[in-house]
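The listed protein sequences derive, respectively, from chains A and E. Per our numbering, the first sequence starts with residue 1, numbered consecutively. Per our numbering, the second sequence starts with residue 328, numbered consecutively. Here is the structure we will look at.
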Amino acid sequence: MELATDTHNGFAVTLRNLEKRFGDFVAVNRVNLDVRKGEIFGFLGPNGAGKSTTIRMLCGILEPTAGSGTVAGFDITRQAEEIKKHIGYMSQRFSLYEDLTVAENIDFYSGIYRIPAARKNARKEWVIEMAGLTEHRNSRTAILSGGWKQRLALGCAILHEPPIIFLDEPTSGVDPISRRNFWDLIYQLAGEGVTVFVTTHYMDEAEYCDRLGLIYRGELIALGTPGELKSRFMAEEVIEVLCDQPQEALEPIEQLAEVKHAALFGRGLHVVAERADDAIPAITARLKELNLPVNRIEQILPSLEDVFVSQIESHDRKEAPQREVAS
Amino acid sequence: MLERLKCMLVKEFIQALRDPRMRFILFVLPVFQTVVFGYAVNTDVRQVATAIYDLDNSQESRELTAQFVKSGYFKVTEYVDRDSQVRELIDRGKVKAAIRMDRGFGAAIRAGRSTPLQIILDGSDSNTAGIVLNYAGKIAARYSEQLQLQQVTRKGGIPMRTGGVELQSRAWFNDNLESRNFYVPAVIANIVMIITMLLSSMAVVREKEIGTMEQIIVTPIRKFEFILGKTIPFVLIGFLDVALITLVAVFWFEVPIRGSLLLLFGATALFLMSSLGFGLFISTISQTQQQAMMSAFFFIFPAMLLSGFAFPIENMPPAVQWLTYANPLRYYIVIIRSIYLKGVGVAVLWPQMLGLAILGGVILSFAVRRFHKTLS
Ligand SMILES: Nc1ncnc2c1ncn2[C@@H]1O[C@H](COP(=O)(O)OP(=O)(O)OP(=O)(O)O)[C@@H](O)[C@H]1O
Ligand SMILES: [Mg+2]
């Protein structure tokens with residue numbers, strides 16, 4: 001086995017100017033990132049942002065077009081096969097064999113990972129137990145529900161007890177209870193020192209992560225703990241407006257000079273402004289003119305969603321003039 | 328190495344044998360194809376539907392007609408008395424041949440003069456037409472010989488034994504020129520090619536399509552373990568199909584097998600290198616099973632046409648004949664037919680075996696080199 005060079009510096013994943021192009025299209029654009037060992041790192045971004053493409057490069061499924069990176073101390077371009085021994089990966093699509101039974105799938109992967117005979121059975125029982133599939137061990141995977149499939153897929157991905165696992169939208173299309181159970185498992189693994197690199201669309205899941213990266217159009221546009229993102233990456237202030245007809249209030253509020261933008265949020269509105277102290281009186285006055293009674297208006301701590309919407313919009317504003325010149 | 332290979336094989340066999348459609352393709356289809364070829368592909372010419380266009384209606388013309396019928400090659404289905412009727416019957420495919428004897432046919436013979444006999448053939452199937460013409464010529468020649476003999480006798484002379492030459496053709500190895508003996512063994516080649524090339528490529532591509540390939544790629548499985556795991560099942564299935572078709576050929580169709588079965592399996596192993604090599608190559612250029620199927624047929628059709636299975640290679644233009652040397656199926660079919668019908672061994676067949684080994688080695692190593700453990 002080749003010696004890992006920099007695992008001792010505490011990073012499970014390091015990326016330097018990692019880039020992936022498909023023809024002219026830049027799917028991942030010079031991403032720099034360090035993920036510490038034992039961390040739960042969340043990778044967030046809208047559809048098509050480049051989350052899966054990045055993970056695939058880290059797992060040796062795709063070759064980067066440019067840049068470099070290490071996973072578990074091994075180089076992602078030159079030592080991909082070495083990396084594969086040290087990681088677990090769960091792809092965005094369910095990727096076990098549907099025509100094989102639960103037990104046959106587990107046996108297949110434990111053979112491929114060459115789990116020692118002495119541990120094989122214990123690992124198998126552990127996965128079956130963890131996924132709650134004791135009664136279905138001899139059922140074909142095709143008949144399992146979404147939550148079961150996901151837990152089985154996770155089980156097969158960590159049969160060989162890898163120190164780093166990559167999970168690509170592991171909970172999409174799964175009910176809230178199953179999602180909760182799934183995250184309990186992730187916490188359990190992280191508690192045992194496993195590094196978890198996970199992509200998600202769900203903001204509540206993002207809050208569970210130790211650190212987050214926001215990727216948009218292939219670029220990493222924000223990075224930090226959930227708390228840091230809310231305080232540091234949000235230059236503006238957020239005001240929550242609760243009123244009876246938020247849809248009708250939306251446009252007049254957006255037109256105010258003191259307001260940057262506004263969005264519907266639950267049963268009210270979230271308004272982003274340079275300074276809340278200036279905006280609150282302006283909004284109150286405007287809504288009074290329009291005869292839209294306000295139930296409550298106050299400055300709030302931004303949610304992660306506010307941060308991401310604001311980051312993406314400010315990124316778009318920066319990019320837009322350039323793109324017009326280019327085209 | 329062995330452990331990973333073992334679990335690949337277990338998985339592949341479970342997948343291949345659990346699916347009822349797959350079982351059908353693997354084991355029923357080959358037998359079905361053999362039976363179809365055994366019964367349907369028959370180029371033997373017998374009992375050709377024939378119209379008699381007898382304008383003379385004399386003793387002589389009736390006698391000649393009887394000779395045609397007696398030969399067993401012709402079956403009189405229609406009697407006609409106009410040109411237009413002949414044309415119509417042939418157009419509609421009701422008859423393949425018409426025999427025309429003009430008025431004065433009998434009189435001419437009685438007077439000791441020679442007289443024309445016309446045979447009209449449906450030339451759209453040129454192969455059959457040629458054979459029928461050949462038979463008709465022989466029957467006519469025998470009849471005139473008889474007439475000469477009778478004439479000499481009638482004139483009171485002693486029939487002179489003229490030293491005529493008679494061609495006695497005898498087809499070796501396939502005494503009755505049964506087309507079945509020729510085609511059924513070669514079905515082995517077609518089936519083995521289709522099953523192994525098509526199904527092996529689809530087995531790989533299916534994993535890309537359903538997404539399991541991505542999961543396999545992130546495991547430490549080695550390229551060779553994966554390739555062997557995907558191809559060995561089809562090697563075994565290929566052998567099984569050879570055995571199955573041989574059983575049907577020998578016990579159902581009574582096709583003789585005169586050579587060594589061992590050699591047959593050896594040649595099959597050599598052929599599988601090319602066939603699985605192509606299958607593997609196709610799997611590297613296809614993303615879906617449908618694409619794989621299209622690409623496989625892109626190889627299979629020319630390979631069949633240029634194999635000598637149905638169309639003799641000697642009849643092809645020289646340039647195309649050269650092309651057939653690059654076709655592994657050509658060698659395999661020669662080997663199979665020779666083992667079955669001639670019973671010859673390696674001493675005779677080594678050039679073909681060498682051809683298969685070289686082509687197989689080149690194709691397989693090219694495909695293996697192209698095969699990568701990444702998605703793209
Ligand atoms: N093999 C490929 N060839 C061409 N374009 C690709 C390929 N794979 C991905 N892309 C493009 O790259 C971009 C990023 O895709 P990626 O799958 O990484 O997005 P994602 O962030 O995972 O999105 P999602 O949330 O929908 O899974 C998309 O626009 C996608 O169309
Ligand atoms: Mg994705």
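Don't be surprised by glycine CBs; every beta carbon is placed ideally from N, CA and C. Remember, it's a predicted structure, so these values are computed and weren't measured experimentally.
Residue i in three-state terms, based on DSSP
i	result
S327(A)	For S327(A), the predicted model reports a pLDDT of 45, less than 50, meaning its position is unreliable; a value from the coordinates is still stated below. Residue state, collapsed to three classes: coil.
C59(A)	coil
R585(E)	coil
N295(A)	strand
I564(E)	helix
F698(E)	coil
F551(E)	helix
D34(A)	strand
A674(E)	helix
Q475(E)	helix
Y652(E)	coil
R16(A)	strand
T442(E)	coil
R21(A)	strand
D381(E)	strand
K286(E)	Lying outside 328 to 703, the shown extent of chain E, residue 286(E) is not represented and no answer is given.
F340(E)	helix
F580(E)	coil
A463(E)	helix
A27(A)	strand
A157(A)	helix
A273(A)	strand
K318(A)	helix
K149(A)	helix
K557(E)	helix
K669(E)	helix
K482(E)	coil
CA-to-CA distance, residue j to residue i, given in whole angstroms
i	j	result
V71(A)	G50(A)	18 angstroms
R275(A)	V259(A)	9 angstroms
C59(A)	S506(E)	58 angstroms
N121(A)	F566(E)	36 angstroms
I87(A)	S110(A)	14 angstroms
C334(E)	G266(A)	52 angstroms
T546(E)	K84(A)	6 angstroms
L44(A)	E98(A)	29 angstroms
E534(E)	P560(E)	16 angstroms
G556(E)	E339(E)	7 angstroms
V479(E)	I436(E)	13 angstroms
L686(E)	F693(E)	11 angstroms
G464(E)	V661(E)	33 angstroms
D429(E)	A438(E)	15 angstroms
Y208(A)	V531(E)	39 angstroms
R16(A)	L353(E)	51 angstroms
Identified DSSP bridge partners for residue i
i	result
Q542(E)	BP columns for Q542(E) are empty, so no partner.
G268(A)	F265(A)
G42(A)	V198(A), L212(A)
F592(E)	For F592(E), which the question treats as bridged, DSSP gives no partner whatsoever.
F11(A)	R36(A)
V375(E)	F401(E)
L448(E)	A424(E)
I300(A)	V238(A)
R689(E)	The amino acid occupying residue 689(E) in the given sequence is Val; Arg does not appear at that position. Looking at the DSSP assignment, V689(E) forms no beta bridge with any residue, so it has no partner.
Endpoints, the alpha helix (DSSP H) within which residue i is located
i	result
F625(E)	616-632
K535(E)	526-537
I714(E)	No answer is possible for residue 714(E): the residues shown for chain E start at 328 and end at 703.
N181(A)	176-191
P347(E)	347-350
F364(E)	356-367
L287(A)	276-289
Span of the beta strand (DSSP E) around residue i
i	result
F166(A)	164-168
- Return the chain-ordered ranges of every beta strand (DSSP E) run that is complete within the stretch 203-249 of chain A and spans a minimum of 3 residues. 211-216, 219-224, 237-243
- Task: Quick one: which unbroken alpha helix (DSSP H) runs of 4-plus residues sit fully inside the stretch 62-145 of chain A? Chain order, please.
- Result: 80-84, 102-112, 117-130
- Task: Starting from the N-terminal side, write out each stretch of the beta strand (DSSP E) that is 3 residues or longer and does not extend beyond the stretch 394-438 of chain E.
- Result: 401-406, 424-428
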